[in-house]
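These notes are about the structure you will find just below.
Residue numbers (the numbering used here): 2 to 289.
Structure follows, in structure tokens:
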């Protein structure tokens with residue numbers, strides 16, 4: 002039976018994307034940490050008693066907490082167990098915390114990996130879990146991916162031909178809805194999702210086709226980007242972390258598994274949606 006009562010914890014960009022899908026589906030009673038008029042809001046101090054009160058009578062807890070909240074997720078798990086919650090979705094929704102090469106780039110992701118292990122240890126209590134791993138979001142901010150539509154400039158790592166997968170915002174929100182509609186098929190596992198299997202050069206070609214002009218290219222390498230990013234981080238410049246996030250897709254690094262279509266079995270079929278077209282996605286992004 003599909004779940005009905007859902008608590009969404011986290012009011013950032015990913016939380017809003019997930020909330021949009023839940024609201025649009027019109028199938029859930031939602032208590033989020035963001036504030037549309039159609040849903041209930043619970044402001045929490047993350048104390049044990051407050052979380053348990055918020056989770057009482059709920060079927061699902063979805064954590065969309067950002068980097069500063071990863072360490073709070075153990076509290077969410079404990080409160081979910083005490084409150085009889087049936088399913089918890091931890092804050093994955095990004096690059097793969099189960100990939101050692103990702104954790105080596107982004108040590109903070111070890112906290113995400115630890116929560117998966119903690120959830121596994123709680124399966125005997127009746128709490129189930131699903132980790133949804135999307136890699137980077139394709140249609141969110143092209144500039145974040147290294148494509149500046151204002152200056153028509155693309156920053157290309159290495160030869161630009163390495164294949165990787167990306168996910169569109171709509172696919173991510175639909176995936177969450179589909180998980181809640183399919184509790185048996187999706188319980189106690191990592192689900193890898195993707196909208197496109199592509200490369201930097203393919204995205205660049207699509208942008209040139211859609212905009213009708215040639216773009217300038219800034220050539221760089223994985224080594225240059227990662228070295229500079231780590232230097233920035235050592236000086237407290239958070240831009241370095243954003244570069245390392247890009248490296249989880251673009252980087253030519255030993256053991257890095259960034260093409261979910263080849264490295265894993267993507268869950269698109271289980272969740273009921275098809276692959277997207279790269280140029281169609283780019284056209285939508287450019288039109289906005």
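Just so it is clear, CB atoms sit at the ideal spot from N, CA and C, and this is done for glycine as well.
C-alpha gap between residue i and residue j, whole angstroms
i: residue 259; j: residue 119; result: 25 Å
i: residue 222; j: residue 229; result: 11 Å
i: residue 66; j: residue 10; result: 7 Å
i: residue 115; j: residue 136; result: 19 Å
i: residue 71; j: residue 263; result: 29 Å
i: residue 212; j: residue 266; result: 34 Å
i: residue 164; j: residue 287; result: 22 Å
i: residue 113; j: residue 89; result: 13 Å
i: residue 225; j: residue 14; result: 29 Å
i: residue 227; j: residue 58; result: 46 Å
i: residue 154; j: residue 186; result: 43 Å
i: residue 68; j: residue 217; result: 33 Å
i: residue 198; j: residue 24; result: 28 Å
i: residue 55; j: residue 194; result: 30 Å
i: residue 143; j: residue 168; result: 13 Å
i: residue 31; j: residue 6; result: 6 Å
i: residue 160; j: residue 196; result: 23 Å
i: residue 289; j: residue 151; result: 13 Å
i: residue 220; j: residue 166; result: 21 Å
i: residue 268; j: residue 282; result: 20 Å
i: residue 94; j: residue 261; result: 14 Å
i: residue 243; j: residue 138; result: 13 Å
i: residue 240; j: residue 273; result: 36 Å
i: residue 29; j: residue 215; result: 46 Å
i: residue 284; j: residue 276; result: 16 Å
i: residue 2; j: residue 12; result: 28 Å
i: residue 238; j: residue 117; result: 29 Å
Integer Cβ distance of residue i from residue j, believed to fall under 8 Å
i: residue 63; j: residue 174; result: The Cβ separation is near 11 Å, so there is no contact.
i: residue 22; j: residue 177; result: 6 Å
i: residue 77; j: residue 52; result: 7 Å
Closest residue to residue i among the options (Cα-Cα distance)
i: residue 192; options: 141, 130, 116, 279; result: 130
i: residue 188; options: 148, 275, 52, 271; result: 271
i: residue 280; options: 101, 12, 99, 140; result: 140
i: residue 127; options: 60, 162, 134, 186; result: 60
i: residue 121; options: 95, 158, 79; result: 79
i: residue 74; options: 2, 102, 49, 142; result: 49
i: residue 124; options: 275, 142, 87; result: 87
i: residue 256; options: 27, 5, 101; result: 101
i: residue 4; options: 219, 157, 179, 236; result: 179
i: residue 162; options: 200, 133, 143; result: 200
i: residue 91; options: 132, 53, 98, 51; result: 132
i: residue 208; options: 177, 156, 172, 111; result: 156
i: residue 278; options: 238, 242, 172; result: 172
i: residue 27; options: 182, 268, 219; result: 182
i: residue 97; options: 12, 231, 134, 284; result: 134
Residue i - DSSP class collapsed to helix/strand/coil
i: residue 26; result: helix
i: residue 206; result: helix
i: residue 90; result: strand
i: residue 132; result: strand
i: residue 190; result: strand
i: residue 146; result: coil
i: residue 105; result: helix
i: residue 110; result: helix
i: residue 36; result: Confidence at residue 36 is low in this model, with a pLDDT of 45, below 50, so its placement is unreliable and the value that follows should be read with caution. In this structure, residue 36 counts as coil in the three-state DSSP scheme.
i: residue 1; result: Not covered by the structure: residue 1. The range shown for the chain is 2 to 289.
i: residue 290; result: Absent from the model: residue 290. The displayed extent of the chain is 2 to 289, so no value can be given.
i: residue 285; result: helix
i: residue 275; result: coil
i: residue 71; result: helix
i: residue 166; result: strand
i: residue 220; result: strand
i: residue 9; result: strand
i: residue 151; result: coil
i: residue 64; result: strand
i: residue 137; result: coil
Any C-beta of chain D under 8 Å from that of residue i
i: residue 237; result: The structure shown contains no chain D, having only a single protein chain.
Across the segment 105-123 and the segment 241-258, are there enough close Cβ pairs to call them in contact, namely three or more that are closer than 8 Å? Touching, yes.
Is it a yes or a no for the segment 228-248 touching the segment 134-150, going by three-plus beta-carbon pairs under 8 Å? At 8 Å Cβ cutoff, the stretches touch.
Assess contact between the segment 192-207 and the segment 73-84, defined as three or more Cβ pairs (one per stretch) separated by less than 8 Å. Is contact present? In this structure the segment 192-207 does not lie against the segment 73-84, because fewer than three pairs of beta carbons, one per stretch, are closer than 8 Å.
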